[in-house]
Every structure is written in structure tokens, then in C-alpha cells.
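Novice:
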Amino acid sequence: MTEQGETGETITILLVEDDAPTCWRLQDALVKAGYEVRSAGTLGEARAALAAGAPRVLLTDLRLPDGHGIELIREMRQRFPDTEIMVISALGDEESVISAITVGATGYLLKDAFPTDIATTVRDLVAGHSPISASIARFIVRRTQGAAQSSAEPPPGPVLNTARLTPREIDILWGIAKGFSYAEIASHLGLSKQTVPGHIKNIYRKLEVHTRSEAVFEAVQQGLIKL
Amino acid sequence: MSEVAAKSPAETPAEAPAEAQPRPRRRLIASRLVPYLLLQALIVIATVLGLRLLQPSDPDDFALSGFSLRQDGVTLPVTLPHFTASRYSVDDPPLYTGSFTFRRGEAASGWSVYLPRFSNAVEVAVDGVVVLDSRRDANANRPDRNTPQIAAIPASLLREGANEITVRLFVWGPLKGFLDTVYVGPDAALRPAYETRTLLFVTLPVVFSAWQSILAVILAIMWLMRRREPVYGVLAVAMVLGVVQAYVPPPVPPAATSRLASVLLASAPIESALVVMFGVLFFGWRWPRYGMLLFVPGLVVFVVGLIGGPPLPRILFLVLGIPTVGLCLLLMAWVTATAVVRRQDAASFTIGCAVTIVLVCWIRDMLTVIEIVNTDRIFVSRLSYSAMLVAIGAGLTWRFARALNQVDNFADQLVTRVREAEERLKASFAREEERARAAALANERTRLMRDLHDGLGGQLVSIVALSERGHEGASITDAARAALKDLRLVIDSMDDIGGDLMLALGSWRERASAQLRPHDITLDWRVATPQGVPLHPELRPWHVVQIVRILDEAVTNAVKHAQARRIAVTIDTFDAGQGPYGVISVTDDGRGFAIAGNGEAGRNGQTARGLRNMRNRAARCGAVLDLSSDGSGTRVRLQLPQRFPDSDMAAG
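Sequence lines, in order, name chains A and B.
full-length UniProt numbering numbers the first residue of the first sequence as 1 and each following residue consecutively.
full-length UniProt numbering numbers the first residue of the second sequence as 1 and each following residue consecutively.
(1) Residue 30 of chain A touches chain B at which residues, Cβ-Cβ below 8 Å?
(2) Going by DSSP in three states, residue 120 of chain A sits in which element: helix, strand or coil?
(3) State the beta-bridge partners of residue 79 of chain B as determined by DSSP.
(4) Listing by chain order, which chain A residues have their CB less than 7 Å from the CB of residue 484 of chain B?
(5) Would you kindly work out how many angstroms separate the C-alpha atoms of residue 643 of chain B and residue 622 of chain B, rounded to a whole number?
(6) Report yes or no: is there a C-beta of chain B within less than 8 Å of the C-beta of residue 138 of chain A?
(7) Since residue 428 of chain B is in the alpha helix (DSSP H), which residue starts that stretch and which ends it?
(8) Please check if any C-beta of chain A sits within less than 8 Å of the C-beta of residue 507 of chain B.
(9) Verify the CB distance criterion: does residue 135 of chain A have a CB-CB separation below 8 Å to chain B?
(10) Would you give the residue range spanned by the beta strand (DSSP E) that residue 566 of chain B belongs to?
(11) What does the alpha-carbon distance come out to for the pair residue 654 of chain B and residue 287 of chain B?
(12) How about residue 124 of chain B and residue 78 of chain B: do their beta carbons lie closer than 8 Å?
(13) What residues in the region 523-557 of chain B bring their beta carbon closer than 9 Å to a beta carbon of chain A?
(14) Does the CB of residue 150 of chain A have a neighbour CB from chain B at under 8 Å?
(15) Are residue 215 of chain B and residue 393 of chain B touching if we call contact CB-CB under 8 Å?
(16) DSSP beta-bridge partners for residue 12 of chain A?
(17) Quick one: is residue 485 of chain B buried, meaning 16 or more other Cβ sit within 10 Å of its Cβ, or exposed?
(18) Are residue 313 of chain B and residue 273 of chain B closer than 8 Å when you measure CB to CB?
(19) Within 10 angstroms of the Cβ of residue 81 of chain A, are there 16 or more other Cβ atoms? Answer buried if so, exposed if not.
(20) For residue 124 of chain A, which residues in the same chain have their Cβ closer than 8 Å to its Cβ, ignoring the five residues on either side in sequence?
(21) Would you please verify whether the beta carbon of residue 447 of chain B is less than 8 Å from any beta carbon of chain A?
(22) Report the residue from B:304, B:336 and B:150 whose alpha carbon sits nearest the alpha carbon of residue 321 of chain B.
(23) Express the C-alpha separation of residue 76 of chain A and residue 104 of chain A in angstroms, rounding to a whole number.
(24) Pick out the complete beta strand (DSSP E) segments inside the region 293-317 of chain B, 3 residues or longer, and give them in chain order.
(25) Between the region 409-433 of chain B and chain A, which residues of the former have a C-beta closer than 7 Å to a C-beta of the latter?
(26) Is the Cβ-Cβ distance between residue 489 of chain B and residue 418 of chain B less than 8 Å?
(27) Cβ of residue 499 of chain B less than 8 Å from any chain A Cβ?
(28) In chain order, what residues of the same chain have a beta carbon less than 7 Å from the beta carbon of residue 22 of chain A, not counting five sequence neighbours either side?
(29) Please report how far the alpha carbon of residue 599 of chain B lies from the alpha carbon of residue 555 of chain B, in whole angstroms.
(30) So if I threshold CB-CB distances at 7 Å, which residues from the region 556-586 of chain B count as touching chain A?
(31) Going by the DSSP bridge assignment, what does residue 584 of chain B pair with across the sheet?
(32) Any C-beta of chain B sitting closer than 8 Å to the C-beta of residue 142 of chain A?
(33) Can you tell me the Cβ-Cβ gap for residue 583 of chain B and residue 639 of chain B, rounded? I've got them flagged as a contact below 8 Å.
(34) Could you check where the alpha helix (DSSP H) with residue 349 of chain B kicks off and where it finishes?
(35) Starting from residue 88 of chain A and walking both ways along the beta strand (DSSP E), at which residues does that stretch end?
(36) State yes or no: is the C-beta of residue 536 of chain B within less than 8 Å of the C-beta of residue 499 of chain B?
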């Protein structure tokens with residue numbers, strides 16, 4: 001069984017994870033699902049692996065022995081805009097995941113996820129769906145509330161510009177944060193169920209910091225880069 | 001004056017006990033009054049001496065004293081200075097005739113005739129040609145101004161040798177006519193004496209009046225801005241009256257001037273009454289109602305003058321006005337003396353001395369009028385009065401400025417104090433905040449420790465135990481997953497969800513779904529109302545942890561012990577008339593378990609412990625847990641409180 005993209009070729013995944021057992025675990029699950037997986041334990045190895053060509057999917061841990069996964073995500077985003085990027089996280093805490101989202105990642109994969117869930121998540125991602133967890137949605141909508149109330153003091157945590165989100169998108173995020181399914185959200189908001197993933201993709205795109213200078217600024221703000 | 005008024009009770013500590021002990025009080029008065037009176041006596045002597053020294057000297061070399069006076073058809077020789085009887089008609093005035101010798105070679109300059117003092121007006125003719133008529137000079141027509149006159153004698157008039165000079169003295173009563181020594185001589189010799197007198201008796205009053213008018217404006221403005229201090233207004237009115245009086249053209253018979261103008265000349269009694277009023281108010285006393293009687297003589301002069309016309313105001317002025325002025329001066333002297341005794345401050349001393357000087361001048365003028373003292377009929381009361389007013393006005397302005405400075409200082413002090421207080425407050429606030437933060441941190445730490453101890457700690461210990469026992473696979477994996485799930489729950493509960501429990505339930509749904517998926521159990525999620533459960537602003541992370549753990553326990557029981565295929569979570573809001581409350585139900589289609597009489601599941605020890613835990617947790621949050629179980633499934637109903645408790649109800 002081999003997972004294939006629209007054009008028929010095998011889907012390649014670059015897995016960047018420094019903890020070997022976790023790496024094996026994820027790799028096993030993905031290989032079993034039919035993906036072609038290249039793994040790297042450090043940023044350097046990941047960059048070397050990229051020399052061979054762009055993967056379809058990048059799954060990366062954030063804390064790596066020789067740097068931060070955010071750097072890799074940003075490089076990836078610039079060199080290979082078509083690659084889908086997802087963060088691997090032990091806890092799925094907003095702090096690190098939101099930082100990754102602002103540089104171009106789409107959601108996160110828990111390191112202890114069940115193999116079937118791992119395969120499903122990656123398949124959805126390749127199919128163009130952008131998974132978003134309730135806690136991430138909650139973080140984003142709480143941030144939009146904070147921005148509406150007062151901007152006197154920036155809220156703690158990563159910098160997130162929610163100004164571009166439309167009220168409809170914020171409504172969708174509220175629904176996700178409260179645990180509603182896409183179908184439930186669609187019926188509450190009077191949408192077709194099929195349009196919800198598109199909205200979520202838009203949300204991801206809008207949260208991403210686009211220009212290089214913006215990205216540097218954000219990185220400095222988040223303490224990822226020291227000038 | 002409020003400042004002075006405020007000072008007075010503080011500075012008269014003797015006042016209250018004085019009633020009981022009259023002797024010390026009398027001694028105190030004496031000890032204060034005697035030095036003051038001695039000082040006033042010194043001032044009287046100094047004033048008298050000063051007035052004598054200030055008496056302008058005249059060029060005696062050119063004096064003409066021997067005249068013959070023709071009056072009422074009688075001619076007799078007189079020596080100047082000379083008084084004539086008071087009269088009320090300007091027809092046929094007393095005519096003084098004298099002669100002087102002119103030698104053309106003596107002086108290169110022209111000759112003049114100089115009259116230092118006369119009342120009320122003169123017409124001077126040399127060899128029958130009129131060279132001077134003082135009635136044309138408004139200043140000269142005021143008997144209180146001591147105005148001198150000088151006139152150049154045209155050279156063509158003067159004959160070598162003896163020349164005749166005649167002086168017609170116009171007198172309008174009630175004062176007697178007066179003609180001082182006449183001087184005829186070279187202009188250069190006479191002019192300096194004339195200039196000195198003009199400076200003293202014409203220019204100086206004008207300067208004082210101008211000064212007075214400026215002060216009147218300033219005081220009036222002060223009064224307008226501070227209505228509760230009428231003392232400024234009183235003094236301003238007194239000054240305005242004085243200024244008007246000084247500039248009103250004096251009436252000259254037979255010319256018809258307005259009666260108002262002639263009456264205004266008699267303003268002195270009103271002015272003096274105003275000054276007394278000022279004194280009383282200035283020293284912080286109340287102006288008694290009967291004090292208004294002091295204004296009566298002045299008003300009588302005023303009204304009668306308006307009705308009767310000249311010369312009535314002049315007569316009344318002499319009869320009523322001048323004694324009133326004297327009375328007022330005496331009252332003022334008494335007021336200031338009292339003030340000196342009570343207050344012993346610079347203001348009362350200064351004003352007292354000024355009053356004494358004016359009083360001396362007034363007495364001297366009176367003596368002049370009744371010809372007891374020969375002073376060449378120079379009146380100095382008005383001059384000294386003006387000087388006093390100007391001094392008082394300047395003093396008041398100075399005090400006002402000082403008060404402003406005090407206000408500034410006070411404001412500065414206030415600003416400093418407020419800043420200090422603010423800083424203290426800020427510091428204490430910061431301390432308080434720091435303490436509160438520390439307390440919150442400690443609470444949070446305690447909470448976190450308890451949460452970790454309850455969940456993660458136990459699970460990790462269980463993993464250790466299982467590994468040591470050599471267990472393989474599933475049980476260790478389960479324990480580790482449970483530990484991870486609990487860690488995520490604890491982390492998740494730290495997030496600020498703004499009292500919306502639905503946000504916590506949303507994350508829990510994700511975790512529960514992930515947990516159930518490998519077991520092939522469906523999680524039905526039903527939210528009955530759009531809101532889900534009501535908002536709870538008082539919701540704290542530890543409430544969330546307890547609630548989610550109850551739900552976790554319910555789900556875990558359903559998976560592990562009931563072999564359920566389907567778990568339904570229903571979230572609803574009810575309102576039994578006492579406010580809305582949320583209810584979360586977890587229902588499974590498993591095989592259920594038997595509940596013992598005491599509500600405990602008896603069959604399985606682990607389940608029993610789990611159920612007890614659930615109840616405990618519910619109780620800590622003020623929630624009500626309801627369990628029902630039979631062969632078709634188990635239902636856990638968690639009824640949330642309307643208000644979550646602030647403190648852990650079952651803590652410890």
C-alpha cells in the first residue's frame with residue numbers, strides 16, 4: 001500500500017525529530033501508511049536531506065539539538081512553498097504551535113498519537129485540509145477578544161496578528177474551540193459543511209507572517225532570534 | 001484681611017481668661033498701650049518739628065508788608081500777612097494798596113509779583129494795570145490747596161522809582177480772607193520760592209491723586225474678585241471720592257458751577273467715615289450698624305448743599321464736616337490703639353502712626369483757622385491724608401501680593417505633599433500587589449502540585465511499578481498515556497478561558513475522541529443549547545481540572561469496565577427559576593454495574609474508588625454528581641453549581 005498524490009507519485013515526508021524512539025514510532029506509523037519517509041535528527045541533517053529535493057510534507061519537532069524548528073519551517077516556506085508543514089509536539093501547547101503557525105506551519109501532530117491518527121492527519125493535510133485543534137482555536141479567539149478589549153498591554157505568549165480575520169472566521173474558530181464538529185459549526189452558521197475547511201485554510205494563511213522583515217521582527221519578538 | 005482676622009484670636013490669648021482675671025489684663029493693656037502712646041507722642045513732636053522745618057522760605061529781601069487797606073469805605077494801614085472778615089459777596093472786595101521802588105539798573109531780568117498765600121482769590125494791579133487774576137486758576141481757588149501765584153510785570157509798566165501795587169482780595173465765606181506778604185522783585189529771585197510752593201502744594205497733591213486713582217482701581221478690582229472682603233471696596237470708594245474731590249473744578253463766585261461739583265468739595269467727612277470703616281474692617285471687627293451714623297454729617301452737607309446751593313455747603317462743611325473729620329480721626333486713632341494693644345503687629349503700628357500724623361496735621365489746621373497758631377495759613381491735612389491713603393493702599397497691595405505668595409507656597413507644599421503621598425501610596429500599592437501576586441503564585445503552585453500529585457504523579461509511579469514488575473506492553477502504555485493526558489489537562493487548565501467552560505470541554509472532546517478511537521467507541525457529542533453551559537466568570541483552573549477529571553473518569557470507566565460501544569456526552573442548561581445552571585451527562589451503553597445501598601459500586605474495588613473520587617471532585621467544585629447504572633448502561637450526571645466556590649470546599 002503506497003500513498004500517492006494527485007499526480008500519482010509517492011508522497012515523501014521529511015521527519016525531523018531528535019528523540020530516536022519517537023522518531024521510529026512516527027516513522028513506523030507513516031511508512032506503514034505507505035508514505036516515503038526521510039528522517040533527520042538535527043537541523044543540519046534536515047537541510048542536507050532537502051538537497052535531494054523538496055518533500056511533500058515536513059514534520060518537524062521544534063527543539064532540536066542544533067537550532068529551532070521555526071528556522072527550518074521558515075526556510076522551507078521560502079524555498080518550497082508547496083510543502084505542507086506540521087509541527088510535532090509532545091503536549092500540543094499553544095506557545096510553540098502558534099509560533100510555528102505564524103511562520104507557515106499548519107497545525108500540529110502529537111508525538112503519542114495513535115498510528116492510525118498519525119496517518120489520517122497526514123493524509124488530510126496532503127488532501128488540502130488544515131487540521132486545527134480546539135486549544136489552538138481557543139488561543140486564537142481569546143487573542144482576538146484581547147485585541148478588541150484593550151491593546152494597552154500585549155498579552156503574554158507569542159505575537160499573533162488576528163486583525164485580518166473576518167467575523168465569520170472568528171465564529172468558526174469559536175465553534176472549534178467549543179468542541180463542535182465542522183458539520184455542527186456549518187449548521188449553526190448557515191454554511192455548507194464543505195466550506196469550513198476552506199475557511200480554516202484561510203485562517204492559517206492570514207495568521208502567517210508573510211514578508212521576510214515581518215518574519216524577522218516576529219522572530220525577534222518571540223525571542224527566537226537574538227540580534 | 002482674613003489672614004489678619006485669623007491671626008487676631010491667636011495673638012490675644014489673654015482675651016478669654018481675661019474675664020476671670022481683670023488685673024493681668026489691665027496690666028497687659030498698660031504694658032502695651034504705654035509704649036505705643038509714648039511712640040505716638042514722639043511722632044507728634046516729630047510731625048510738629050517736621051512741619052516747621054518744611055515751611056517754605058520766601059525771599060524776604062523783596063517783601064512788601066506795609067499796605068493800606070480800603071474796606072467798606074474805610075482806609076487804614078495794615079501789615080501783611082493780614083486777615084479780613086469773612087464775607088459772602090465778591091462785590092467791593094477789600095483793596096490793599098502798597099508801593100515798591102523799581103530801579104532799572106538793578107536787574108537785567110524782568111520783575112515779578114509773587115503772592116505765596118491768599119484766600120480766596122486776588123486781583124493784582126501794578127500802576128493801575130491788572131497783571132494777575134487768580135480766579136482764572138482753578139487750583140488757586142481751593143482754600144485747602146495753598147496755591148501760590150506769580151505774575152511777570154510787563155517792563156513797560158514799571159517806572160523808575162516808586163510804583164503802586166494794588167491787591168483786591170476776593171473772599172467767599174465762611175473762612176476769613178487772608179493775604180500773606182506780597183513779594184515784588186526780580187523774577188529770578190522770586191521764582192525759586194514760587195516753584196517750591198508749587199511743587200509742594202500743587203504738583204504733590206496731583207501726584208498723590210493720580211496714585212490714589214490707580215490704587216482705587218486696583219483695590220476695586222480686588223474687591224470685585226473677593227466680595228467677601230469688603231475692606232478693599234471701602235478703601236477704593238474712599239480713594240475714588242478723594243480723587244473726584246481733587247479734580248472737580250471749584251466753584252468761583254459769581255460764576256455758576258454745577259451744584260454737584262460744589263457739593264463734592266465737601267466730601268471729606270464721608271471720606272473720613274469710610275476710612276474709619278476701613279480701619280474697623282481691616283482689624284477684623286464687625287462694622288456695627290450704628291456706625292453708619294458716622295456718614296450722616298457728610299450726607300447732610302451733601303444733601304443740603306444740593307438743595308440750598310452755595311455757599312451753604314461751605315458753611316455746613318465748616319460746621320459739620322470738619323468736626324466730623326476730627327471725630328473720625330479720633331475714632332481711627334482709638335481703633336488703631338485698640339488694635340495695637342490686641343494684636344501688636346506691624347500693620348496696626350504703622351496705621352496708628354499714620355493716623356497720629358494726620359491727626360496732628362488736622363489739629364494744626366484747626367488752630368490755624370481759629371488763628372491760634374500762625375502758620376501763614378498753610379493747610380496740610382489734605383496732603384497728609386492723601387499720603388496716608390497712598391501708604392495704606394500700597395500696604396494693602398503689598399499684603400495682597402504677599403498673600404498670593406503664601407498661596408503659591410501653600411500650593412507648592414500641597415503639590416509636594418500630594419506627590420509624597422502618591423509615592424507612598426504607589427509604594428504600598430506595589431508592595432500590596434507584590435504580596436497579592438506572591439499569594440496568587442503560592443496558591444497556584446499548591447494547586448498545580450495537588451493536580452500533578454493527583455494525576456501525573458500517581459500514574460508515573462504506577463508506570464515505574466509496572467516496569468519493575470516486568471509487565472510488558474498494554475498496561476504500561478495505558479498508564480503512560482493516562483499520564484500524558486493528565487499532563488495535557490493540567491497545562492490546558494492553566495489557559496485563561498474567560499469563564500467559558502465550553503472552551504475547556506472543546507479540548508476535552510478532542511482528547512476523549514483520540515482516546516476512544518482505537519477502541520472503536522463512538523463519542524456522541526450533543527450540545528442542547530447554543531451557549532452550552534452558562535458563563536462562569538468565577539471559574540478557576542482547579543474547577544476545570546476537577547470537572548474534566550470527573551468526565552475522564554466516567555469515560556475511562558465506560559471503556560475499561562463496561563465494554564461500551566457508544567458514549568454520549570450531553571451538555572445542557574436548565575433553569576428552575578433560580579438562575580441557569582449547566583448539566584453535563586456522560587451516558588454509555590455498556591453493561592453497567594451494581595450500586596450498593598450507600599451509593600458505592602460494590603463489585604469492583606477499582607471502580608468503587610473511581611466513583612468515590614468522582615464524588616469528591618464534584619463536591620469540591622460545588623457540583624452534584626448523580627450516578628445511575630443498570631444492565632443497559634451507565635449514566636453520570638454532573639450538575640454544575642450556579643456559582644463555583646472560591647475556595648476548595650473539600651480541601652485538606
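We put the beta carbon where it would ideally sit given N, CA and C, even for glycine.
Specialist: Answer, in terms of the structure:
(1) As a working mapping, residue 30 of chain A is identified with position 30 in the first sequence. The contacting residues do not exist; residue 30 of chain A stays about 17 Å from chain B at best.
(2) Here residue 120 of chain A refers to the residue found at position 120 of the first sequence. DSSP places residue 120 of chain A in helix when its eight states are reduced to three.
(3) Position 79 of the second sequence, counted from the start, is the residue given in the question as residue 79 of chain B. DSSP, once it has assigned bridges, lists B:66 as partnering residue 79 of chain B.
(4) Indexing the second sequence from 1 puts residue 484 of chain B at position 484. What residue 484 of chain B touches in chain A: 112.
(5) Within the second sequence, numbered from 1, the residue matching residue 643 of chain B stands at position 643. Within the second sequence, numbered from 1, the residue matching residue 622 of chain B stands at position 622. Straight-line Cα distance between these residues: approximately 8 Å.
(6) Translated into the one-based positions of the first sequence, residue 138 of chain A becomes position 138. Closer than 8 Å: yes.
(7) Start at 1 with the first residue of the second sequence, and residue 428 of chain B comes out as number 428. Counting along the chain, the alpha helix (DSSP H) containing residue 428 of chain B begins and ends at 381-452.
(8) Here the question's residue 507 of chain B lines up with position 507 in the second sequence. Yes, residue 507 of chain B counts as interfacial toward chain A.
(9) As a first step, residue 135 of chain A is located in the first sequence; it is residue number 135 there, counting from the start. Residue 135 of chain A counts as touching chain B.
(10) As a position in the second sequence, residue 566 of chain B is number 566, starting the count at 1. Residue 566 of chain B -> beta strand (DSSP E) spans 566-575.
(11) Coverage of chain B is limited to positions 1 through 652, which leaves residue 654 of chain B absent and any answer about it impossible.
(12) Your numbering for residue 124 of chain B matches position 124 in the second sequence. Your numbering for residue 78 of chain B matches position 78 in the second sequence. No.
(13) 525, 527, 530 and 532
(14) Position 150 of the first sequence, counted from the first residue, corresponds to residue 150 of chain A. Because residue 150 of chain A sits at a pLDDT of 49, beneath the cut-off of 50, its placement in the model cannot be relied upon, and the point is left open.
(15) Counting from one through the second sequence, the residue named residue 215 of chain B turns up at place 215. Counting from one through the second sequence, the residue named residue 393 of chain B turns up at place 393. Against a cut-off of 8 Å, the Cβ pair of residue 393 of chain B and residue 215 of chain B comes out as a contact.
(16) Start at 1 with the first residue of the first sequence, and residue 12 of chain A comes out as number 12. Paired residues: A:36.
(17) One-based indexing of the second sequence puts residue 485 of chain B at position 485. Label assigned to residue 485 of chain B: buried.
(18) Position 313 of the second sequence, counting from 1, holds the residue named residue 313 of chain B. Position 273 of the second sequence, counting from 1, holds the residue named residue 273 of chain B. No, the Cβ-Cβ distance between residue 313 of chain B and residue 273 of chain B is not below 8 Å.
(19) Taking the first residue of the first sequence as position 1, residue 81 of chain A is located at position 81. Under this definition residue 81 of chain A is an exposed residue.
(20) What you label residue 124 of chain A is simply residue 124 of the first sequence in a count that begins at 1. These residues qualify, in order along the chain: 131.
(21) As a position in the second sequence, residue 447 of chain B is number 447, starting the count at 1. It does not: the Cβ of residue 447 of chain B has no partner Cβ on chain A nearer than 8 Å.
(22) For the purposes of this step, residue 321 of chain B is taken as residue 321 along the second sequence, with counting starting at 1. The shortest C-alpha separation from residue 321 of chain B is found at B:304.
(23) Mapped onto the first sequence, residue 104 of chain A falls at position 104. Mapped onto the first sequence, residue 76 of chain A falls at position 76. So the two alpha carbons sit approximately 9 Å from each other.
(24) none
(25) none
(26) The sequence position of residue 489 of chain B within the second sequence is 489, counting from 1. The sequence position of residue 418 of chain B within the second sequence is 418, counting from 1. No. Outside cutoff.
(27) Looking up residue 499 of chain B in the second sequence gives position 499. So no, residue 499 of chain B is outside the interface.
(28) For this step, residue 22 of chain A is matched to residue 22 along the first sequence. Once the five neighbours on either side are set aside, the close Cβ partners of residue 22 of chain A are 111.
(29) Against the second sequence, residue 599 of chain B aligns to sequence position 599. Against the second sequence, residue 555 of chain B aligns to sequence position 555. For residue 599 of chain B, the pLDDT reaches just 46, beneath the cut-off of 50, and the residue's location in the model is therefore unreliable, leaving the point undetermined.
(30) none
(31) Within the second sequence, residue 584 of chain B is the residue found at index 584, counting from 1. Looking at the DSSP assignment, residue 584 of chain B forms a beta bridge with B:571 and B:638.
(32) Translated into positions along the first sequence, residue 142 of chain A becomes position 142. It does; some Cβ of chain B falls within 8 Å.
(33) Translated into positions along the second sequence, residue 583 of chain B becomes position 583. Translated into positions along the second sequence, residue 639 of chain B becomes position 639. Contact flag correct, Cβ pair sits at about 5 Å.
(34) As a first step, residue 349 of chain B must be located in the second sequence, where it is residue number 349. Residue 349 of chain B -> alpha helix (DSSP H) spans 346-369.
(35) In the first sequence, the residue the question calls residue 88 of chain A occupies position 88. Run containing residue 88 of chain A: 84-89, per the beta strand (DSSP E) assignment.
(36) Counting from one through the second sequence, the residue named residue 536 of chain B turns up at place 536. Counting from one through the second sequence, the residue named residue 499 of chain B turns up at place 499. The answer is yes: Cβ separation under 8 Å.
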